[in-house]
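To start, the structure under review is shown below, and the notes come after it.
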Amino acid sequence: MSNKLASVNVRRSVRIMDKHITRKILKNLRAQIQSEKQSKQLKARIASTPTPAFCEIVTQVSHVNKEYFSQLLLSLKYIKTLRPVDNHQLATKSVHLRRRPLYENSKTIIFDLDETLVHCCENPQEAEHPITIILPSGEKLNVGINIRPYALECLITLSKNYEIMVFTASHKCYADAVLDFLDPHHELIHHRMYRENCVNIDGIYIKDLRVITNRELESIVLIDNAAYCFAYQLENGIPIVSWYNDKNDTELLDLAHYLNSLSCVKDVRVSNRDTFRLGLLSENTEALLSQV
Ligand SMILES: [Mg+2]
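In this text, residue positions in the sequence shown follow full-length UniProt numbering: the first is 1, and each later residue adds one.
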């Protein structure tokens, strides 16, 4: 294999998967929806579904834009088609994560990485921060990352009161390079989880929080731009608009206020349910998609 071809393959192997997976899901679902829209069956279903006031929902999901909301609904629709995770796979992915001193009783905030905290550019010259990924083969790959506005401030503030983790569907070699840049002394992010910790359902990597064996679901939230990632614990999920390069983005700043409020609640899932209403959206995806 030529060096050039090897390099191309290597780049593919470390490329962030979120957007590709999302694109694949969206393409399939759009086709499905298009065909369903033409059927009398769906019309009957929409007619019989109690449709919440669309504007009411949109205004209550505070950080949302139309395109993202459409993607969110498609993800929620996709989630409903997923089969359960089998216990064997869950067991093979399980991890026991040691509590750090002073965080024994803290709630856990888990961030996705790509398009939630950072955006990676294959061309280092297109990004603010060049980083070098060392692949399992030993080969070095130079890429660049941009850090989402308020990401570091958010991590610094929240890590004082919460246990912070990053859970990414990306490869460990890539994620570690990014996280070593963001948090070189492992002070802000207490644990890292990677693709190897995701469950794989028909080729899609999903972050099933049950793999963390020594945390309670009532005390964990997962912030992810891809809503299908929290498919198996919808009420633990906090959706966030995908970020690529908008320097005026304030999603994390806005979200920090909400996250700060979670320290005093008994069950984060109740707060999430009331705030983001993903369950309600999930029950009404077809009707809402027809209005987006
Ligand atoms: Mg992501």
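For glycine and all other residues, C-beta sits at the position ideal for the given N, C-alpha and C.
Original post:
By Cβ distance, which residues of its chain are closer than 7 Å to LEU158, with the 5 residues on each side in sequence left out?
Top reply: In the sequence shown, residue 158 corresponds to position 158, counting from 1. For LEU158, where only same-chain residues beyond five positions count, the Cβ hits under 7 Å are ILE109, ILE164, ALA256 and LEU259.
Original post:
CA-CA distance, GLU67 and SER290?
Top reply: Within the sequence shown, numbered from 1, the residue matching residue 67 stands at position 67. Within the sequence shown, numbered from 1, the residue matching residue 290 stands at position 290. Whole-angstrom Cα-Cα distance: 13 Å.
Original post:
What is the residue span of the alpha helix (DSSP H) that TYR174 lies within?
Top reply: Looking up residue 174 in the sequence shown gives position 174. Counted as a single uninterrupted DSSP element, the alpha helix (DSSP H) harbouring TYR174 occupies residues 172–182.
Original post:
Between ASP183 and the rest of its own chain, which residues show a CB-CB distance below 6 Å, the 5 nearest in sequence each way excluded?
Top reply: Position 183 of the sequence shown, counting from 1, holds the residue named residue 183. The answer, listed in chain order, is ILE189.
**OP:** Could you pull out every residue in the same chain whose Cβ sits closer than 8 Å to the Cβ of CYS173, ignoring the five residues on either side in sequence?
**Re:** Mapped onto the sequence shown, residue 173 falls at position 173. Result list for CYS173: VAL14, ILE133, ILE134, LEU135 and PRO136, in chain order.
Original post:
Is there contact between the stretch 88–107 and the stretch 120–133, where contact requires at least three CB pairs shorter than 8 Å?
Top reply: Cβ pair count under 8 Å is below three, so no.
Original post:
Quick one: what's VAL166 bridged to in DSSP?
Top reply: Along the sequence shown, one-based indexing puts residue 166 at 166. BP columns for VAL166 point to PHE111 and ARG192.
Subject >> Length of the line joining the Cα atoms of ILE240 and GLN125 >> reply: Along the sequence shown, one-based indexing puts residue 240 at 240. Along the sequence shown, one-based indexing puts residue 125 at 125. Rounded to whole angstroms, the separation of the alpha carbons of GLN125 and ILE240 is 27 Å.
Original post:
What is the C-beta distance between VAL270 and VAL221, in whole angstroms, given that I count them as a contact (C-beta under 8 Å)?
Top reply: Counted from its first residue, the sequence shown places residue 270 at position 270. Counted from its first residue, the sequence shown places residue 221 at position 221. With 8 Å as the limit, VAL270 and VAL221 do not qualify as a contact, their Cβ atoms being about 12 Å apart.
Original post:
In three-state DSSP terms, what is LYS140?
Top reply: By 1-based counting over the sequence shown, the position of residue 140 is 140. In the structure shown, LYS140 sits in a strand (DSSP, three-state: E or B).
**OP:** List the DSSP bridge partners of HIS129.
**Re:** Numbered from 1 along the sequence shown, position 129 holds the residue referred to as residue 129. DSSP output for HIS129 lists ILE145 as bridge partner(s).
Original post:
Opposite TYR205 in the DSSP bridges: which residues?
Top reply: Within the sequence shown, numbered from 1, the residue matching residue 205 stands at position 205. DSSP output for TYR205 lists ASN200 as bridge partner(s).
Original post:
What three-state label does DSSP hand VAL118 in the structure shown?
Top reply: If you number the sequence shown from 1, residue 118 lands on position 118. Strand, per DSSP.
Subject >> Closest by C-alpha distance to ILE223, when choosing among LEU73, PHE276 and VAL143 >> reply: Taking the sequence shown and counting its residues from 1, one reaches residue 223 at position 223. That would be PHE276, whose Cα lies nearest to the Cα of ILE223.
Original post:
Regarding GLU67 and ligand 1, is the C-beta to nearest heavy atom distance less than 8 Å?
Top reply: Locating residue 67 in the sequence shown gives position 67, where the first residue counts as 1. Checking the Cβ of GLU67 against ligand 1 gives no.
Original post:
Nearest-angstrom Cα distance between THR250 and GLU153?
Top reply: Position 250 of the sequence shown, counted from the start, is the residue given in the question as residue 250. Position 153 of the sequence shown, counted from the start, is the residue given in the question as residue 153. Approximately 12 Å between the Cα atoms of the pair.
Subject >> GLU128 burial status per 10 Å Cβ neighbour count (16 or more: buried) >> reply: Position 128 of the sequence shown, counting from 1, holds the residue named residue 128. Burial call: exposed.
Original post:
With which residues is GLY237 paired in a DSSP beta bridge?
Top reply: For the purposes of this step, residue 237 is taken as residue 237 along the sequence shown, with counting starting at 1. DSSP, once it has assigned bridges, lists LEU222 as partnering GLY237.
Subject >> ASN171 burial status per 10 Å Cβ neighbour count (16 or more: buried) >> reply: As a first step, residue 171 must be located in the sequence shown, where it is residue number 171. Here the sequence assigns His to residue 171, which means Asn is not the residue at that position. Buried, because 16 or more other Cβ atoms sit within 10 Å of the Cβ of HIS171.
Original post:
Using DSSP with H/G/I as helix, E/B as strand and the rest coil, what is GLN291?
Top reply: Position 291 of the sequence shown, counting from 1, holds the residue named residue 291. Three-state result, GLN291: coil.
Original post:
Where does VAL270 sit, in a helix, a strand or coil, going by DSSP?
Top reply: Start at 1 with the first residue of the sequence shown, and residue 270 comes out as number 270. If DSSP states are grouped into helix, strand and coil, VAL270 belongs with the helices.
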